[in-house]
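The structure appears right after this line, and notes come after that.
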Amino acid sequence: MPSTAQYLMLSATLFAIGLVGVVARRNMIVVLMSIELMLNAVNINLVAFSHRLADLQGQVFTVFVITVAAGEAAVGLAIIIQLYRLRSTVNVDEVRSLHG
Amino acid sequence: MPSALLLVVLLPALGALINGVRAFWWPLTPKSKTLTNLFAIGSTGLSALIATWIVIQSAGHPWQHSYYEWIPSGLGHVGNAIANFNVDFALRVDSLSSTMLMVVTWIGFLIHFYATGYMSHEKGYTRFFTYLNLFMFMMLLLVLGANYIVMFVGWEGVGLCSYLLIGFYYDKNFAADAGKKAFITNRIGDFGFILGIFLIFNTFGTSDYATVFSMASAGGHAAYGAIATAICLLLFVGACGKSAQVPLYVWLPDAMAGPTPVSALIHAATMVTAGVYMVVRSNVLFRLAPDAMLVVAIVGAVTAIFAATIGLAQNDIKKVLAYSTVSQLGYMFLGAGVGAFTAAIFHVMTHAFFKACLFLGAGSVIHGCGGEQDMRKMGGLRKYMPRTHWTMLVATIAIAGIPPLAGFFSKDEILANAFPHHKPIWIIGVITAGMTAFYMFRLYFMTFHGTYRGAQVEGIETSEPEHGGHHLIPDRRHLDEGDEHTDKAHGHHVHAHEPHESPWNMTIVLVILALLAVVGGWIGIPAALGGAHPSWFQQWLAPVLLPIGGEHFEFHEAAQSTEWTLMIISVAVAAFGILLAWRFYKRDPLWSTPKRLATTFAPIHRLLENKYFVDELYNATFIAGTIMLARVMWWFDTWVVDGVVNGVRHVTVFLFGHGSNMFDKYVVDGAVNGVASGAKGGSMMFRRVQSGLVQNYALIMGGGIVLIALVYLFMKP
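Taken in sequence, the protein lines are chains A and B. Take 1 as the starting number for the first sequence in the numbering used here and just add one per residue. Take 1001 as the starting number for the second sequence in the numbering used here and just add one per residue.
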């Protein structure tokens, strides 16, 4: 049985990978996937503490987060598809109409 | 009694108020005319009755009543002292004001009555009686006032009414001009009068007659001798204006432009004698100032003879009477100037009787001849208007100074007073008396004797072309306003076939006045003719003549023989004048002698006929000078005053117009624009942050979180 610290390390690693993906990747779908990764890192965190503290509230939260993540992915993908139809691209750098 | 006295004064005012309101709102119908008569004659008649009752009750005892404090102005400096300048609305009844009161109310009432006949065809009937009643009110204030200020109110008021009534035919230029002339000339006199009142107040600290005169009487020559001369000369300037003395007499002949009853009441019987009344009222002051008295006597004498000579050559019936009035007023001042104050008032009274009668008679003649005023177009009227003829004859004899009619006694008293001390003035008086007799009988013969010349109007006018300054002033408007002249029976036609006698309400007044002209003088029969010494009238007025410094007023007294001589001389001179008039204008119906004289002495005749060209002289000097001054002032106003104003405008426009424009443009707008461009510059700087790159935002956010976390971790307290 791994310790809580190991879970946290795994979670931090995943979060860091996700963050880098969000900041550095150009493909919107990959950015979306990276966000999912970060959410799941948070889920691991929640579940780890839930286990450690023997409190089910953390797991309840996790279920909520998974649900919200599903909605987020659906909305995000829909936006990306619409964007692709308009601009024929999914590159984040090319979509900057709101620049000052 | 005080309230009754107030009623005497206020009744005519009430009549004027009612008729004044009615003149505005009610049209003139026979019925409203009756109402007008009721208010006008009722108020004056009632006022006269009450006045008579008061005079009888007072029986010569002076009393005065203060109705309210009119001008309370507190303490002030009076010369070197401090006095309380309070003016009460106070009325005074003494022998002098009683005499004037009787003359004013009764003559006024009679002339009101006469005017109902005379004015019956005129437009503005109610307006006329409004003015006439207002005049009565003001004249009563003048006469009854117990101090100089109340007198001054009346004095100005009668001036106003005189102006209104001279200009009664206000749509005629000559009448409006004559009114203005009277008003402005009177202003010059009033200027002196009010300065005199100021000086009186400055000297005595009050304007109340009783106080002023008792102080002057107690102080005598020693205390007030010098200042009294100044006061009296200033007061006399006022008297000169109001009473038409040289050099301010010019307005009175022109004042004949008013309706004839006005000429009789205001410009012969009452208002013009206000100056004499004022001088006699101030007799205590005048007696302190012998120099001023001498001036009064000289001006009076000069006026008397000056106006009499003009009267010799006038052809307008009213003009003759006007110059006669000026001349008689000169006589009164002559009397007052030589110290015959009672004689002056006596002459005021008798003159009121016979001159009112003459004027009203002249009005009757004018009325009967359809508005004609030129005596050359009259003649033979005694056949047509017997009552007018007889009454005017009586009045003419009275003014000529034939005993025992009124004019003789008053004139003789004046001359008798002038004789001992002022021989040249006496000589002038006697010559004037002769001239008066001549021109009055000239008027009488030209008007009432011979044959009626109204038919040959054109012939006269072509044979005697009119001279430059000579023009007749038509008094009555003829038939040009048809609706007013429906009464053909009175013959107000230009082409009247025959003169006719005036209605009864005019002639009855003439008869009453003629009776007064006969008996009016009997109250002042001198000692030489079997009267008392002093005469009854002198005794009556004696309380007004206060002693000066303990020295009682001495009535003039001369030896019986001197008195008789003087009387015989004056009667002889008058008789000679009458004889001359008879010889010139009656015995010779063609008037060949006066015509020959007029051609022989053409320059003199022209001089007289044109009234010594005094009007022309005044036009050329004072009036032209005033107009010149007005032009200079106009120039000054246009170029200097307006220049300054415009200059200020230019400066203002430049400084505040352009200046504030600049400030607005560069300072206010500059600040606003500066803030705007500052904001713009700042935003240009910060817009770079909004790159539109989502990942940049995420990176900054992440960095931010890390930063906060680091701060949280390492800077924990």
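We put the CB at the ideal spot given by N, CA and C, even for glycine.
Straight-line measurement puts the Cα of V63 of chain A at about 13 angstroms from the Cα of N45 of chain A.
Between the C-alpha atoms of F1109 of chain B and H1077 of chain B there is a straight-line separation of about 45 angstroms. Contact between the stretch 1299 to 1307 of chain B and the stretch 1146 to 1165 of chain B is not established, with fewer than three Cβ pairs separated by less than 8 angstroms.
The beta carbon of D1291 of chain B is closer than 7 angstroms to those of T1229 in its chain, skipping five residues each way along the sequence.
W1426 of chain B sits in a helix when the DSSP states are folded into three classes. With the rule of 3 Cβ pairs closer than 8 angstroms, the stretch 1554 to 1561 of chain B counts as touching the stretch 1411 to 1424 of chain B. The C-alpha of M1136 of chain B lies about 13 angstroms from the C-alpha of F1128 of chain B.
Residue pairing for G1145 of chain B: DSSP places it in a beta bridge opposite B:L1091. Contacts with chain B at 8 angstroms (Cβ-Cβ) include L19 of chain A. Proximity of chain A to A1698 of chain B at the Cβ level (cut-off 7 angstroms) is accounted for by V22 and V23, in chain order. From the listed residues B:Q1328, B:G1454 and B:F1553, the smallest Cα separation to F1408 of chain B is found for B:Q1328.
With fewer than 16 other Cβ atoms inside 10 Å of its own Cβ, N91 of chain A counts as exposed. In this structure, DSSP gives Q6 of chain A a helical state, which the three-state scheme calls helix. Here V1212 of chain B is not near L1091 of chain B, since their CB atoms are 8 angstroms or more apart. Spatial neighbours of V1280 of chain B in its own chain (CB-CB distance under 7 angstroms, excluding positions within 5 residues in sequence) are listed in chain order as L1096, A1336, F1341, A1344 and I1345. Under the 8 angstroms Cβ criterion, the stretch 61 to 79 of chain A does not count as touching the stretch 1060 to 1070 of chain B, having fewer than three qualifying pairs. Taking 8 angstroms as the upper bound for CB-CB distance, I1188 of chain B and I1231 of chain B are not in contact here, some 18 angstroms apart. Between A1581 of chain B and F1438 of chain B, the C-beta gap is smaller than 8 angstroms, which places the two residues in contact. With a cutoff of 8 angstroms on beta-carbon distance, A1115 of chain B and P1247 of chain B are scored as not near each other.
Bridge partners of W1063 of chain B according to DSSP: B:V1093. Cβ proximity to chain A below 8 angstroms picks out nothing from the stretch 1652 to 1664 of chain B. Here T1396 of chain B is buried, its C-beta having at least 16 other C-beta atoms within 10 Å. Counting along the chain, N27 of chain A sits inside no alpha helix (DSSP H), nor does DSSP assign it H or E at all. Residues of chain A with a Cβ closer than 7 angstroms to the Cβ of G1702 of chain B are, in chain order, L19 and V23. Short of 6 angstroms from the beta carbon of A1572 of chain B, and not among the five residues preceding or following it, lies no beta carbon of its own chain. Within the same chain, Cβ atoms closer than 6 angstroms to the Cβ of M1278 of chain B are found at A1239, the five residues on either side in sequence being excluded. Under the 10 Å beta carbon count, R85 of chain A is surrounded by fewer than 16 other beta carbons and is classified as exposed. I1054 of chain B and R1287 of chain B do not touch by the CB rule: their CB atoms are close to 29 angstroms apart, not below 8 angstroms. Take A1517 of chain B, set aside five residues on each side of it, and the residues of its chain with a beta-carbon closer than 7 angstroms to its own are F1353, F1354, C1357, V1394, A1395, A1398, L1405 and A1406, in chain order. Residues of chain B whose Cβ lies closer than 8 angstroms to the Cβ of V92 of chain A are, in chain order, L1693, V1694 and Q1695.
D1094 of chain B counts as buried, since no fewer than 16 other beta carbons sit within 10 angstroms of its beta carbon. A distance of 8 angstroms or more separates the beta carbons of F1445 of chain B and Y1612 of chain B.
From the beta-carbon of S97 of chain A, the residues of chain B found nearer than 9 angstroms are G1692. In the DSSP assignment, N1086 of chain B forms a beta bridge with B:P1072.
Taking a cut-off of 8 angstroms for Cβ pairs, the stretch 1303 to 1321 of chain B and the stretch 1369 to 1379 of chain B touch, as three or more such pairs fall below it.
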